Amino acid sequence: MSRLLKTTLLALTAVAPLVTGVLSGPALAASGGMKNTSFSATPVGDLPTLVFQEKNGKYVLGKGGPKATIKFRVKAEKRRSFRIVGYRIDSMNSERKRITQVRNFSVKKLDKTIMHEIKPAELQTFTELGRKVCEDEGDLQQEIRKTIKSGSTYMLSLTARRKQIGGYGFDYRYAYASVPVRIICKPEPLRVIDADLTVKFDGSPFSCPVKATLTAKFKTNKPGTFKFNLYRGDGEVQTVTRTAGASNTVTFTKRYTIKKPTNRKYLVATIPSGAASGWVPMKVHCNGNAGGIQAPKNPHSTNH
């Protein structure tokens, strides 16, 4: 762009009122070669969205949100002997980038609707701001949604022309509109990263009765509640819900009193599948005294 043209545009911009505000601006006052000029940008469906995923306590930009479409509305009427001959819409988010430009027409009245699908590159300028929003206001336990109201900004350039002796007279108008940008901060999903199962006897497994304690220890990537299954070798299954505390660990304990020879095995596995302990035997060899295995109905757990 030549220095003369830049100077001319700056001078025209200085005298042309601007449309500002969220979603839509008011009509411009009549002056020069145009009147009743307005520009609006309205989201159709979802707002432009950036999604941040928490990983190891930090938020990183994810693959993005749903597709977002903006409906631009451009309106203007000619004034005096001018004719409207062109318009252009630019994205002003990071650097000026053309969205659409139409020229070489001549009308007395313009009322145009333009549909525009947001591309990820248009939202790149909001990456650092969005990450800061998540770091300042994000919740590691639940999804947070925030809105940047100033949002994605667009500029309309309108051109009117009047033919006159010895050349042409031009008039320019500039207007701005913006659409809010949504920021989604997603916590890292709870995962059980380790499961360990042990059997300990209080006394000798060769003498009945004997007490046995089954202990499952779980380690998670963050505090939270999860479920696991306690499997017995003969097909018996017990589903248990436990909550890991600030240390990201929790212990489940179940105690038995065994009064006769027993050969069992147990395994714990999280739901959905993730961490599992492998099979652990519970074997008792004793003198055949009458009785069986007694287990409490409500085993306890300990958070560490």
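Per numbering that gives the first Met the number 0, residue 0 is the first one in the sequence shown, and the count goes up by one each step.
Where is the CB? At the ideal position from N, CA and C, for every residue including glycine.
Quick caveat: nothing in here was measured; it's all calculated off a predicted structure.
Residues bridged to residue i [DSSP beta-bridge criterion]
i    : result
G244 : Per DSSP, none; premise fails for G244.
T126 : Paired residues: none, contrary to the question.
S151 : V178
M281 : R263
R184 : Correcting the residue identity first, residue 184 is Cys in this sequence and not Arg. Its beta-bridge partners are F51, I143.
K57  : K54
F104 : In the DSSP output, where bridge partners are listed per residue, F104 has none listed.
L213 : V198, K253
P157 : Looking at the sequence provided, one finds Leu at residue 157 rather than Pro. BP columns for L157 point to Y86, R172.
F227 : V239, T269
V191 : T219
R97  : D89
E134 : DSSP output for E134 lists no bridge partner at all.
L46  : DSSP lists no partner for L46.
K77  : M33
E116 : T68
Nearest residue (CA-CA) to residue i, options the options
i    : options                : result
E94  : S80, K111, F125        : F125
R79  : F169, T214, Y175, F251 : F169
Q140 : I182, T99, V178, R190  : R190
P204 : G232, A245, T261       : T261
S206 : S177, L109, C285, A75  : C285
A75  : T224, N220, K108       : K108
G56  : V73, D110, G232, N220  : N220
K77  : G31, K96, R102         : G31
D304 : G232, F217, C184       : With the chain covering 0 to 303 only, the question about residue 304 has no answer from this structure.
V73  : V178, Q163, K111       : K111
L229 : Q100, A275, K162, D201 : A275
K96  : A120, Q163, F217       : A120
G273 : F217, T212, G232       : F217
A243 : T224, D233, R231, V178 : T224
D349 : T212, G234, P188, L213 : Shown here, the chain extends from 0 to 303; a query on residue 349 therefore has no answer.
Residue i, buried or exposed, once every other Cβ within 10 Å from all chains shown has been counted against 16
i    : result
V18  : Because V18 carries a pLDDT of 35, less than 50, the predicted location of this residue cannot be relied on, and the following value inherits that uncertainty. It is buried - the Cβ of V18 has at least 16 other Cβ atoms within 10 Å.
V249 : buried
I192 : exposed
M281 : buried
A29  : Per-residue confidence for A29 stands at a pLDDT of 45, beneath the threshold of 50, marking its modelled position as unreliable; the derived number appears in the next sentence. The residue in question, A29, is exposed, as its Cβ has fewer than 16 Cβ neighbours within 10 Å.
G24  : Confidence at G24 is low in this model, with a pLDDT of 39, below 50, so its placement is unreliable and no value can be given for it.
M33  : buried
P186 : buried
R172 : buried
G277 : exposed
G61  : exposed
F38  : buried
L27  : Residue confidence for L27 is low, a pLDDT of 42 falling below 50, so the modelled location carries little weight and cannot support an answer.
K226 : exposed
F104 : exposed
A40  : buried
A176 : buried
A245 : exposed
R130 : buried
L128 : exposed
G20  : Confidence at G20 is low in this model, with a pLDDT of 31, below 50, so the placement of that residue is unreliable and no value is reported for it.
T36  : buried
T269 : buried
G202 : exposed
G64  : buried
G232 : exposed
Test item: CB-CB of residue i and residue j under 8 angstroms
i    : j    : result
L122 : L46  : no
R241 : K210 : no
V59  : Q52  : yes
K264 : V279 : yes
A215 : V180 : no
V236 : F251 : no
I143 : P208 : no
P222 : N247 : yes
V132 : I182 : yes
Y167 : M91  : no
Exercise. Quick check: the stretch 73-87 against the stretch 154-164, are there 3 or more CB pairs under 8 angstroms?
Worked result: At 8 angstroms Cβ cutoff, the stretches touch.
Exercise. Are three or more beta carbon pairs between the stretch 185-197 and the stretch 69-79 nearer than 8 angstroms?
Worked result: Counting Cβ pairs under 8 angstroms, fewer than three are found: no touch.
Exercise. Should the stretch 131-149 be called in touch with the stretch 110-117, which here means at least 3 C-beta pairs below 8 angstroms?
Worked result: Contact annotation: the stretch 131-149 does not touch the stretch 110-117, with fewer than three C-beta pairs closer than 8 angstroms.
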